[in-house]
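Notes for the one structure printed next.
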Amino acid sequence: MGALEDRTRFEPSEVEPRIVRRWLRSGLVHPEPAGTPRENYSIAVPPPNVTGVLHMGHALNGSIQDVLARSHRMRGRRTKWILGTDHAGIGTQRKVEERLIEEGTTRVDLGREAFVARVWEWRAEHGGQIIDQFKRIGATLDYADERFTMDERYAQAVLKVFVDLYEQGLIYRDNYLVNWDPGLRTAISDLEVEERDGIVDTLYSIAYPLASGDGEVVIATVRPETLLADTAVAVHPDDERYAGLVGQELVLPLVGRRLTIIADEYVKQEFGTGALKITPGHDPNDFEIANKHALERISVIGEDGLMTAQAGERYAGLTVMQARERVVADLEAQGFIRAREEYVHTVPFSQRSGERVEPLISLQWFMRMDELAAPAIEVVKAGRVRIHPESQSKRYLDWLGEIRPWCISRQLWWGHQIPVWYRGTETCCATTAPEGDGWTQDPDVLDTWFSSALWPFATLGWPEETPDLQAFYPTDVLSTARDILFLWVARMVMMGLRFAGDVPFCDVYVHSIIQAPDGRRMSKSLGTGIDPLDLIDGGPRPPVYGSSSRPPGDFPAYGADAVRFGLLAMSSTQDVRFSEEKIAQGQALANKLYNATRFVALRVGGDGDGDGAPREGRFRVGAPQPRTVEDRWILSRLQAIEADTQARIDGFDFAKAALGLYDFVYGDLCDWYLELVKPRLSDDADPGERAALGATLLHVLRETIATAHPIIPFVTEELWDLLGYADAEGLLAAASLPQSDDALRDPPAEAEMERAIEAIKALRAWRDSVGVTAGAIVPGVLRATGYDATAARVAGLARFSFAGGDGDTGADGDGDGAEPVATIAIPGGAVGVLASDAVDLGAADRRLEQARETLAREIDRAHGKLANEGFVAKAPAAVVAAERAKLERLRSELAALQQPAGR
RNA sequence: GCGCGCGUAGCUCAGCGGUCAGAGCAUCGCCCUUACAAGGCGGGGGUCGCCGGUUCGAACCCGGCCGCGCGCACCA
Numbered sequence: 001m002g003a004l005e006d007r008t009r010f011e012p013s014e015v016e017p018r019i020v021r022r023w024l025r026s027g028l029v030h031p032e033p034a035g036t037p038r039e040n041y042s043i044a045v046p047p048p049n050v051t052g053v054l055h056m057g058h059a060l061n062g063s064i065q066d067v068l069a070r071s072h073r074m075r076g077r078r079t080k081w082i083l084g085t086d087h088a089g090i091g092t093q094r095k096v097e098e099r100l101i102e103e104g105t106t107r108v109d110l111g112r113e114a115f116v117a118r119v120w121e122w123r124a125e126h127g128g129q130i131i132d133q134f135k136r137i138g139a140t141l142d143y144a145d146e147r148f149t150m151d152e153r154y155a156q157a158v159l160k161v162f163v164d165l166y167e168q169g170l171i172y173r174d175n176y177l178v179n180w181d182p183g184l185r186t187a188i189s190d191l192e193v194e195e196r197d198g199i200v201d202t203l204y205s206i207a208y209p210l211a212s213g214d215g216e217v218v219i220a221t222v223r224p225e226t227l228l229a230d231t232a233v234a235v236h237p238d239d240e241r242y243a244g245l246v247g248q249e250l251v252l253p254l255v256g257r258r259l260t261i262i263a264d265e266y267v268k269q270e271f272g273t274g275a276l277k278i279t280p281g282h283d284p285n286d287f288e289i290a291n292k293h294a295l296e297r298i299s300v301i302g303e304d305g306l307m308t309a310q311a312g313e314r315y316a317g318l319t320v321m322q323a324r325e326r327v328v329a330d331l332e333a334q335g336f337i338r339a340r341e342e343y344v345h346t347v348p349f350s351q352r353s354g355e356r357v358e359p360l361i362s363l364q365w366f367m368r369m370d371e372l373a374a375p376a377i378e379v380v381k382a383g384r385v386r387i388h389p390e391s392q393s394k395r396y397l398d399w400l401g402e403i404r405p406w407c408i409s410r411q412l413w414w415g416h417q418i419p420v421w422y423r424g425t426e427t428c429c430a431t432t433a434p435e436g437d438g439w440t441q442d443p444d445v446l447d448t449w450f451s452s453a454l455w456p457f458a459t460l461g462w463p464e465e466t467p468d469l470q471a472f473y474p475t476d477v478l479s480t481a482r483d484i485l486f487l488w489v490a491r492m493v494m495m496g497l498r499f500a501g502d503v504p505f506c507d508v509y510v511h512s513i514i515q516a517p518d519g520r521r522m523s524k525s526l527g528t529g530i531d532p533l534d535l536i537d538g539g540p541r542p543p544v545y546g547s548s549s550r551p552p553g554d555f556p557a558y559g560a561d562a563v564r565f566g567l568l569a570m571s572s573t574q575d576v577r578f579s580e581e582k583i584a585q586g587q588a589l590a591n592k593l594y595n596a597t598r599f600v601a602l603r604v605g606g607d608g609d610g611d612g613a614p615r616e617g618r619f620r621v622g623a624p625q626p627r628t629v630e631d632r633w634i635l636s637r638l639q640a641i642e643a644d645t646q647a648r649i650d651g652f653d654f655a656k657a658a659l660g661l662y663d664f665v666y667g668d669l670c671d672w673y674l675e676l677v678k679p680r681l682s683d684d685a686d687p688g689e690r691a692a693l694g695a696t697l698l699h700v701l702r703e704t705i706a707t708a709h710p711i712i713p714f715v716t717e718e719l720w721d722l723l724g725y726a727d728a729e730g731l732l733a734a735a736s737l738p739q740s741d742d743a744l745r746d747p748p749a750e751a752e753m754e755r756a757i758e759a760i761k762a763l764r765a766w767r768d769s770v771g772v773t774a775g776a777i778v779p780g781v782l783r784a785t786g787y788d789a790t791a792a793r794v795a796g797l798a799r800f801s802f803a804g805g806d807g808d809t810g811a812d813g814d815g816d817g818a819e820p821v822a823t824i825a826i827p828g829g830a831v832g833v834l835a836s837d838a839v840d841l842g843a844a845d846r847r848l849e850q851a852r853e854t855l856a857r858e859i860d861r862a863h864g865k866l867a868n869e870g871f872v873a874k875a876p877a878a879v880v881a882a883e884r885a886k887l888e889r890l891r892s893e894l895a896a897l898q899q900p901a902g903r
């Protein structure tokens, strides 16, 4: 039974699961390694966290990469879209720890080994979720070859890189002030710190008495508790207020320690009193100053976020906030507080836990970046790696230019444990544990981004020279959001150049971040997040998404094509707001294409048996047989859309690719071509002509479907099948992308049709404005040139009947037998309207008068422009000529309207 | 503070030196016209953030404001 005949709507929920199964079964997504990276096409997916569920960013990025992969696959390139997941150290560890707490136990109770085993279990249970979700949006990732950053083989690559860099002196261990996350109890890198504005604190002014007993120096601080770790007070060398005091000693209140007054240009004289307490143990700037002046470092806050023994008996064990209160109270009691005021400033928070970062000195592993950064800067400057949009490469270069050492150790259990062993004073760095007894491995693990930095080559089997590596590295494109340009992209470039011997990818596409409709970030906690699967299958629409144009309640099941189309149509070179309308537009396009196919199949294939079911051979692919100007026109438009779509995809302009396709299908193909062609499909049409038209229609439809496939793969694959092409030729996903041929462009036909379309629009607008009964045929006379081939079509679609006149016959009575009662301007002339019941003469007169006024205004404007000497003298000749032509045209149109409408 | 970007129709956005500034959605009117009413056809709707400059000509280029977003750096 013919599905096309039965269903008037495209049903994604029925079709999509079936289509996905066929793609996956076909082996399409898994290429065997062969050929060269230049011949082949590869993309390494940004590995989602194993804990992850598909969010809007994945859906957009997945759509983008799939469009690229499908487009190039259909152009005959061996295409591998490398799949895998990231172990996501902190995120995953937290998730499993939360689970343990629900179970009434903790990671510490379990112990390291058992805990890690639990994480693996968790991963086995839940790790596949996001992979299944990628399948739902039609992503043709290589599911047969999935990687994980903690796989044995991948881990070996990670350890090898560590050992190599250690041996080359780029990785070292040091006591340094790091960003400490007291919630997670681990160090984090600079990139994982987020500065938050508008934090309200109290700024305390505290008096430090001079040891000489001869006065005091007042300092200002928002963190009085860190006073316990002060080791100096600094003033600006030029500050006259303190000129005589530099080198003298102060007595630290509550502690009694002697602090030297030092001079350093870092201190701002204007701020507060111009005297700065120096706390090297708990402030990054102070740490630097202390290094310069060889000051002592004292730590009073521990890794657990509590005050240490060094803080003194009275404060040890307190939380930072408790300590602050007690210190302030004690200072108050002893008369050291000089002032307190409200102070609004920015404060560092951990992106990972949301806790306030506690800078403290800690023994950590670091990686020197300057030597790695230089070549990574070079390849972008030289264009070997192109970043799109261009503006992002400036950010990339700026960041790399000022790069600082990277803290790569994390005090976690889930991750790649640092391959360094200690025994007494001995240290051994190797990919495997050293021989002999008594060695203990460093307990820390590597920052997750350390392993992700190897992604494009470690997934392909590096360090071994695998066939995959030889066939697919370097990859072609890396598509990602802006926020991980430094965190990930820059580091991949550095590591790729250092270890894989080449750039990891040639193009970086930085895509939009999709915000909630109100401009806020999409986030679960704000309630602004939205699950792409809810758009595909129909699910709850958050309140914030209830726009005026959409009823509240659940999303309809838009389907995967609609979601892909919508996200691509929204995307841009900057952040964009989510727009449900664009998703709906995608759904409309899928349905439109389905119905256009249905129309063609039922009309062209309708050979009497009435089942409308395509069979093999029925819609045999043949050459188009253009017979009319509209045939030549649509074939020409088809060339244009094929070329445009491909160029837009290659230029990473996905919104234009998607919307251009929509315009072609809705406008050129359905609104115009199919409507123009309907009379030629009537039952009494000449069978030979009908067959010729059928061939043209099928050709256009087939190429349109193929061209649209990378963007809306499901509906197009289904239609390919319904038309019988799948049986004969296999999957559309594996077919060839139609290649535009400029020789097939037909500018005269395009010009002619453009004119006809304008005329039809003008006639329709006129009918509407004068209140002609809908459907009534208006008798008229065509008095315009350039409609030899299209007059009948214009009359048909505008519901006019043209008597006699062919452009030369005017109103001066040459045998039409009637005088026009109204005149309508169309390109190249006018249409005279003959009296009939359908026309209200008063309305027609008013309309005609309006048209004349409009034309007169435009003529004045054009005339004025040409009368302007400056314009004629200085504007390019072509522009002036165009303006003259326009004026001529307008004048002849006006003249046509001046014909006496005698009645 | 420095840097980047953005303010165009009710909404989301195109256009980025030369015809009357466009699209989708929304809105209004008409229509069950041989596929699609989750349709079709048509209409209305804009001081292109504000001020000044360059130019024959500016939504578009330049300068200055105002508003918004992002990145980097921070002054305790």
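Quick note on numbering: the first sequence equals residues 1 to 903 in the working numbering.
Ideal Cβ positions, reconstructed from N, Cα and C, are used throughout, including at glycine.
All figures in this text were calculated on a predicted structure; none of them were measured in a lab.
Starting from Gly-198, follow the beta strand (DSSP E) in both directions and report where the run begins and ends.
193-209
Please name the residue in Val-629, Val-510, Glu-464 whose C-alpha comes closest to that of Ser-479.
Val-510
Own chain partners of Ala-155 with C-beta closer than 7 Å, once the 5 adjacent residues on each side are dropped
His-416
Validate contact between the segment 526-540 and the segment 554-562 using beta carbons, cut 8 Å, 3 pairs
yes
So, is His-345 buried or exposed, given that buried needs 16 or more other C-beta atoms within 10 angstroms?
exposed
Does the Cβ of Pro-687 have 16 or more other Cβ atoms within 10 Å, making it buried, or fewer, making it exposed?
exposed
contact_flag[the segment 4-11, the segment 581-595] where n(CB pairs < 8 Å) is 3 or more
yes
So, does the segment 181-196 touch the segment 112-122, judging by three or more C-beta pairs under 8 Å?
no
Using the Cα positions of Leu-890 and Asp-476, report the straight-line distance between them to the nearest angstrom.
52 Å
Could you please give me the residues that DSSP links to Lys-277 through a beta bridge?
Val-233
Label Met-367 either buried or exposed according to how many other C-beta atoms from any shown protein chain fall within 10 Å of its C-beta, with 16 as the threshold for buried.
buried
Am I right that Pro-624 and Thr-696 are in contact with their C-beta atoms under 8 Å? What's the rounded C-beta distance?
4 Å
Cα-Cα separation, Ile-408 to Ile-705
50 Å
CA nearest to the CA of Arg-603, picked from Leu-723, Ile-199, Ala-708:
Leu-723
How far does the beta strand (DSSP E) with Leu-363 in it extend, from its first residue to its last?
358-367
CA-CA distance, Val-821 and Val-833?
6 Å
Glu-16 burial status per 10 Å Cβ neighbour count (16 or more: buried):
buried
With a threshold of 7 Å on Cβ separation, who are the neighbours of Lys-277 within its own chain once the five nearest residues in sequence on each side are excluded?
Ile-219, Thr-221, Leu-227, Asp-230, Val-233
Is Thr-140 helix, strand or coil when you go by DSSP?
coil
Do Arg-491 and Ala-453 come within 7 Å of each other at the CB atom, strictly closer than that value?
yes
Can you check whether the CB of Glu-758 is closer than 7 Å to the CB of Pro-827?
yes
My parser needs the alpha helix (DSSP H) runs of 4 or more residues fully inside the segment 283-371; what are they?
284-293, 320-333
Which residue wins for smallest C-alpha separation from Leu-170, given the options Leu-372, Asp-238, Asp-151?
Leu-372
Can you tell me which of the three DSSP states Tyr-422 falls into?
strand
Straight-line CA distance for Asn-291 to Asp-66?
52 Å
Between Trp-414 and Thr-92, what straight-line distance do the alpha-carbon atoms span, to the nearest angstrom?
8 Å
Ser-205 beta carbon less than 7 Å from that of Arg-356:
no
Can you tell me the Cα-Cα spacing of Gln-411 and Trp-421, whole angstroms?
16 Å
With a floor of 4 residues, list each alpha helix (DSSP H) that falls wholly inside the segment 140-180, ordered by position along the chain.
152-167
Buried or exposed for Asn-175, going by 16 or more other Cβ atoms inside 10 Å?
exposed
Using three-state DSSP, classify Val-821 as helix, strand or coil.
strand
Whole angstroms are fine: how far does the CA of Arg-702 sit from the CA of Arg-793?
25 Å
Local conformation of Val-665 per DSSP, three classes
helix
Neighbour-count burial assignment, Ser-26, 16 or more Cβ in a 10 Å radius
exposed
Among all the DSSP beta bridges, which residues are the ones paired with Gly-84?
Arg-147
Return the residue from the list Ser-572, Glu-819, Ala-588 that minimises the CA-CA distance to Ala-560.
Ala-588
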